[in-house]
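Below is one structure; the comments refer to it alone.
There are 2 protein chains.
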Amino acid sequence: MRLRLPGPTEVPEDIANIGSKPMINHRGAEMAELMEKLSDDLKICFGTNNEVHILTSSGTGGLEAAVVNHISANDEVLVVTIGVFGNRFLQLVEMVGAKPTVLKYDFGQAADVNDVEDALNANPNIRFLVMTHNETSTGTTNYQIEQIAKVAKAKGCLTIVDAVSSLTATPVEVDSWGLDVVVSGSQKGWMMAPGLAFISLSEEAWDVQKTCKTPRFYFDLLKSRESLQKGQTPWTPAVSLFYQLELSLDKLKSEGMDNVIARHATCAEKARNGIKDLGFELLAQKGYESNSVTAIKAPEGLDVSALLKTASEEFDTAFAGGQGSLGGKIFRFGHLGFVTEEDIANGLDVLTKSLESIGFRN
Amino acid sequence: MRLRLPGPTEVPEDIANIGSKPMINHRGAEMAELMEKLSDDLKICFGTNNEVHILTSSGTGGLEAAVVNHISANDEVLVVTIGVFGNRFLQLVEMVGAKPTVLKYDFGQAADVNDVEDALNANPNIRFLVMTHNETSTGTTNYQIEQIAKVAKAKGCLTIVDAVSSLTATPVEVDSWGLDVVVSGSQKGWMMAPGLAFISLSEEAWDVQKTCKTPRFYFDLLKSRESLQKGQTPWTPAVSLFYQLELSLDKLKSEGMDNVIARHATCAEKARNGIKDLGFELLAQKGYESNSVTAIKAPEGLDVSALLKTASEEFDTAFAGGQGSLGGKIFRFGHLGFVTEEDIANGLDVLTKSLESIGFRN
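Quick look at the structure:
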């Protein structure tokens with residue numbers, strides 16, 4: 001099955017295979033050496049000198065870690081949401097008993113720095129900005145994130161960013177943009193299997209972490225920090241995925257992060273053009289289309305589930321439907337991770353044939 | 001490196017390799033089919049008709065799930081601890097703000113049903129029994145667990161059991177013993193890589209789960225239950241590890257759980273006998289020695305770290321040291337998962353040679 005999903009993405013054969021290397025002692029010297037290498041290489045990809053920690057969990061586990069380590073009950077938080085994953089972040093903020101102010105956009109819209117500034121001006125008690133960089137559910141990217149983070153910083157907020165599906169596909173400069181907490185997930189742009197989350201914390205974030213009152217254990221990042229000093233993780237790590245990550249990072253470094261991002265931009269543009277040529281409209285606001293995934297509006301009369309079924313069963317290709325209230329209203333064409341222009345051409349071809357097969361004409 | 005650790009354990013080549021199969025759509029039909037198969041097979045290994053859920057986390061994540069889904073702030077809980085992992089369970093109970101009564105045994109001692117009964121009689125408000133089945137840190141197994149669970153049940157307690165390192169190595173009969181919540185971890189007896197936790201819940205446990213007030217998100221088992229109806233997990237699962245689990249369960253079924261357990265018992269006995277022949281004493285109370293790992297007291301004059309270093313560097317074999325306050329006082333010989341009598345003979349041989357190499361004589 002070819003996966004034109006916004007994750008899990010296809011895994012190059014050599015990365016997949018390296019996961020089967022013999023198991024090592026996760027408290028031994030080999031592991032410590034591996035941890036140091038992964039930690040250094042992740043910093044390069046994140047554009048940061050901050051420590052980057054690796055969690056054995058999905059990206060959602062990483063988002064939970066970002067929240068429970070920093071936000072306490074009654075803290076005032078600005079949550080900027082442009083879709084399903086922004087809403088998930090909001091649920092986590094609510095879970096810890098914090099007081100969220102919600103800046104919510106329609107599906108397909110991106111956040112505007114002026115709105116954020118207004119919201120922060122209206123409530124000077126807000127201490128945290130929580131937002132999604134790339135919204136997988138709508139194929140929309142908050143490209144104003146740098147300006148937004150700077151506004152939030154100027155107001156004394158800690159910025160907590162979901163970069164689960166943006167990192168490697170879109171520029172993310174943690175240090176120069178001043179992003180305090182940034183989360184990504186292995187099954188997105190990292191060309192490897194699901195099961196790991198990555199999270200970077202600035203020194204300001206660690207200061208807040210130390211005094212955060214929210215109970216935590218598995219996702220307690222102080223435990224991760226103490227273990228990292230010994231080249232370990234606090235709990236048994238998913239060692240086979242650490243092997244995959246090592247090779248994935250080698251490949252990313254060897255291609256060069258700028259080139260990796262440029263490849264994503266080219267693939268995304270090719271996908272958008274092809275989709276428009278087929279007569280479809282995109283969900284994302286112009287100028288804010290995602291490099292990771294393209295969300296396509298289903299025109300009247302298009303049965304999305306029939307389309308996905310046909311693409312899968314007749315043409316061995318998985319596209320994604322809409323999540324939550326977007327179910328049946330959109331479909332999504334993923335182009336992140338191990339993706340080439342040829343994959344895009346192939347995906348467009350499958351789409352064309354599947355539409356023919358179900359007898360839909362735009 | 002040969003791993004004579006109590007996890008991560010060695011992974012058979014075919015199980016390791018199957019993890020590199022191409023990625024699939026985690027929301028598609030193939031995944032649903034796989035989920036159903038894994039779910040059915042796990043039930044066989046757990047000896048239960050209860051649903052068994054798979055979490056992408058280490059075993060500790062599974063323990064957190066067991067606690068945060070059932071125990072609320074101010075709940076009265078009896079925590080039975082015989083070592084490091086029992087103490088970890090206690091920390092989780094404390095994290096949710098519950099009121100623990102702690103029944104604590106010296107390292108190497110196992111829990112006694114009479115003590116549990118006394119503790120429950122002394123405090124009729126206790127609603128939960130939390131305990132470790134096999135204590136990896138001391139090589140001691142709570143073989144009275146069935147009687148203890150029955151006493152707890154008769155007092156109206158929900159029983160929450162850490163079977164992370166006992167399942168597949170020691171009989172665990174979830175249904176006939178009346179264990180409400182039971183946790184295991186993939187890197188222990190399951191002959192596969194780390195990164196998954198398994199958890200079974202009785203209907204009584206689900207009833208408590210529904211009213212439990214502890215905030216939870218990533219480990220919210222109700223979300224797992226709802227997703228399982230659709231053959232899914234709530235968050236992206238570690239798909240490559242699910243592939244490994246499928247083959248691991250096939251192998252366990254084909255060997256037969258009784259035979260798997262008998263193999264562990266034979267290997268454990270052989271290890272104990274060999275260790276005693278070398279003049280060492282075991283940490284575990286007689287009759288409560290673990291099938292998963294043997295903990296060996298370090299006699300005066302034995303430098304445990306030198307021993308482990310020599311075994312690792314000269315003989316390519318990893319044994320484990322003592323955890324926490326047991327550091328330097330014991331070393332541990334793991335024999336669970338993919339283990340044969342030949343592995344035990346080999347481990348004993350390495351131990352003999354390593355002791356010679358560091359010039360230690362009993």
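One line per chain: the protein sequences are E and C, in this order.
Residue 107 in the working numbering is what sits at position 107 of the first sequence, and the numbering runs on without skipping anything.
Residue 18 in the working numbering is what sits at position 18 of the second sequence, and the numbering runs on without skipping anything.
Glycine residues also receive a C-beta, built at the ideal position from the N, C-alpha and C atoms.
Spatial neighbours of I126/C in its own chain (CB-CB distance under 8 Å, excluding positions within 5 residues in sequence) are listed in chain order as E76, V77, L78, T101, A119, L120, K155, C157. Here F338/C carries a coil assignment [DSSP, helix/strand/coil]. Bounds of the beta strand (DSSP E) holding S200/E are 196-201. In the three-state reduction of the DSSP assignment, H53/E falls in the strand class. Here R2/E carries a strand assignment [DSSP, helix/strand/coil]. Neighbourhood of T211/E in chain C, by CB distance below 8 Å: empty, with the nearest CB roughly 17 Å away.
The CB of N25/C comes closer than 9 Å to the CB of M1, L3, L5, P8, S312, A318, A320 in chain E, given here in chain order. Chain-order list of chain C residues neighbouring F217/E: E64, Q91, L92, M95, by C-beta distance under 7 Å. Residues of the region 238-253 of chain C whose Cβ lies closer than 9 Å to any Cβ of chain E, in chain order: A238, V239, S240, L241, Q244. When secondary structure is reduced to three states using DSSP, I358/C falls in the coil class, being assigned neither helix nor strand.
Apart from the 5 residues on each side of it in sequence, S200/C sits with its Cβ closer than 6 Å to the Cβ of F46, T48, N50, V52, V174, V182 in its chain, given in chain order. Of the residues N17/C, V239/C, A268/C, L92/C, the one whose Cα lies closest to the Cα of M31/C is V239/C. Runs of the beta strand (DSSP E) lying entirely within the region 276-312 of chain C and spanning at least 3 residues, in chain order: 293-297. DSSP assignment within the region 217-261 of chain E yields no whole beta strand (DSSP E) run of 3 residues or more. The beta carbons of S186/C and G19/E sit about 14 Å from each other, so the pair does not count as a contact at 8 Å.
Using a Cβ-Cβ cut-off of 7 Å, Q187/E is close to T236 of chain C, given in chain order.
Residue I82/E holds the alpha-carbon nearest to the alpha-carbon of D112/E among F89/E, P124/E, E94/E, I82/E. In the structure shown, D162/C adopts extended strand secondary structure according to DSSP, grouped into three states.
Within chain C, not a single residue places a beta-carbon under 8 Å from that of V293/E; the smallest gap is close to 14 Å. One finds A16, N17, G19, S20 in chain C with Cβ atoms closer than 7 Å to the Cβ of S20/E, taken in chain order.
Here T340/E is exposed, its C-beta having fewer than 16 other C-beta atoms within 10 Å. The region 116-147 of chain E is shown to contain whole beta strand (DSSP E) runs of 3 or more residues at 128-132, in chain order.
Contacts with chain E at 7 Å (Cβ-Cβ) include P194/C.
Cβ-Cβ distances below 7 Å link S227/E to T233, P234 in the same chain, with the five nearest sequence neighbours on each side left out; the list follows chain order.
The Cβ of T56/C sits closer than 7 Å to at least one Cβ of chain E.
F315/C carries a helical assignment under DSSP once its states are collapsed to helix, strand and coil. Q323/E and F315/E have their C-alpha atoms some 23 Å from each other. Around the beta-carbon of S254/C, fewer than 16 other beta-carbon atoms lie within 10 Å, marking it exposed. No Cβ of chain E is located within less than 7 Å of the beta carbon of V77/C. Between the region 324-333 of chain C and the region 295-310 of chain C, the count of Cβ pairs shorter than 8 Å is three or higher; the stretches touch.
In this structure, the CA atom of L278/C is about 9 Å from the CA atom of L348/C. Contact of T60/C with chain E by beta-carbon distance below 9 Å involves F217, Y218, P234, W235, T236.
Following the DSSP letters along the chain, one finds G185/C inside the beta strand (DSSP E) bounded by residues 181-185. The criterion of a C-beta distance shorter than 7 Å is not satisfied by L129/E and L92/E. Here V77/C carries a strand assignment [DSSP, helix/strand/coil]. Distances from the alpha-carbon of T310/C to those of A345/C, G287/C, L351/C, G178/C put L351/C closest.
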